[in-house]
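Numbering (the working numbering), first residue to last: 4 to 215.
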């Protein structure tokens, strides 16, 4: 497992961040680091995403910053040039995955079905995103499908919250969970970064209680 994936495991819960204003990036980064969740998956579906990644990467060298919702190789280039250390996509696009692998960039594409999982394995991946997690059957589905793929780890995202994240993290099939409840857009837009810090601390404690 490479150091990015190891950081995912160590952190346990990966904050999935939507930033509409790059001015919010720096205080958000501070909240994540001080809250004990030093990873940010910045979704690449807003105009502020690229600049936000740049700010986070420059201001917080201890923060592992990546790009989510990456759909094209052009977006990969933009994100990496801005400082992204990993790429996450909602589905499995073999072209995008292979492009990342050729460049030595950690990539976690979304899968749901055995067919998608086998495409990921054929590409040489050891971790996949399971998305959308809860609408697609959640942990029972991961356990059922994952039983056939003993070495593969999952990063469920979509519908993860403080009530169900504990059961996910207790499973040995789960590398980490992607979640947005501690970095919700309304908290960011309202400038409630102290609240975000506290919610990150609570999430980090959940991981510590389970994984030590």
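Think of the CB as a built atom: it goes at the ideal place given N, C-alpha and C, for glycine as much as any other residue. Quantities reported herein were computed from a predicted structural model and do not represent experimental measurements.
Classify residue i: buried if its beta carbon has 16 or more other beta carbons within 10 angstroms, exposed otherwise.
| i | result |
| --- | --- |
| residue 212 | exposed |
| residue 111 | buried |
| residue 88 | buried |
| residue 166 | exposed |
| residue 38 | buried |
| residue 207 | buried |
| residue 154 | exposed |
| residue 173 | exposed |
| residue 168 | buried |
| residue 141 | buried |
| residue 159 | buried |
| residue 27 | buried |
| residue 132 | buried |
| residue 116 | exposed |
Do residue i and residue j have their CB atoms nearer than 8 angstroms?
| i | j | result |
| --- | --- | --- |
| residue 41 | residue 185 | no |
| residue 68 | residue 43 | yes |
| residue 46 | residue 86 | no |
| residue 283 | residue 191 | With the chain represented from 4 up to 215, any question about residue 283 goes unanswered, as that position is not in the structure. |
| residue 161 | residue 16 | no |
| residue 196 | residue 34 | yes |
| residue 123 | residue 104 | no |
Looking only at its own chain, which residues have a Cβ that is under 7 angstroms from the Cβ of residue i, when we skip the five neighbours before and after it?
| i | result |
| --- | --- |
| residue 5 | 109 |
| residue 93 | 72, 113 and 134 |
| residue 48 | 72 |
Hey, quick one: how far does the alpha helix (DSSP H) through residue i stretch, first residue to last?
| i | result |
| --- | --- |
| residue 198 | 196 to 214 |
| residue 34 | 28 to 38 |
| residue 191 | 188 to 192 |
| residue 11 | 6 to 14 |
| residue 169 | 168 to 173 |
| residue 60 | 52 to 62 |
| residue 79 | 76 to 85 |
Between residue i and the rest of its own chain, which residues show a CB-CB distance below 6 angstroms, the 5 nearest in sequence each way excluded?
| i | result |
| --- | --- |
| residue 3 | What is shown of the chain runs 4 to 215, which leaves residue 3 out entirely. |
| residue 10 | 67 |
| residue 60 | 68 and 86 |
Tell me where the beta strand (DSSP E) around residue i begins and ends.
| i | result |
| --- | --- |
| residue 154 | That residue, residue 154, is in no beta strand (DSSP E); it is neither H nor E in DSSP. |
| residue 67 | 67 to 71 |
| residue 42 | 42 to 46 |
Who are the near neighbours of residue i in its chain, counting only those whose CB is closer than 8 angstroms to its CB and skipping five residues on each side?
| i | result |
| --- | --- |
| residue 98 | 76 |
Practice prompt. Give, in chain order, every unbroken run of the beta strand (DSSP E) that is at least 3 residues long and sits entirely within the segment 90 to 150.
Written response: Within the segment 90 to 150, the complete beta strand (DSSP E) runs of at least 3 residues are 109 to 114 and 130 to 133.
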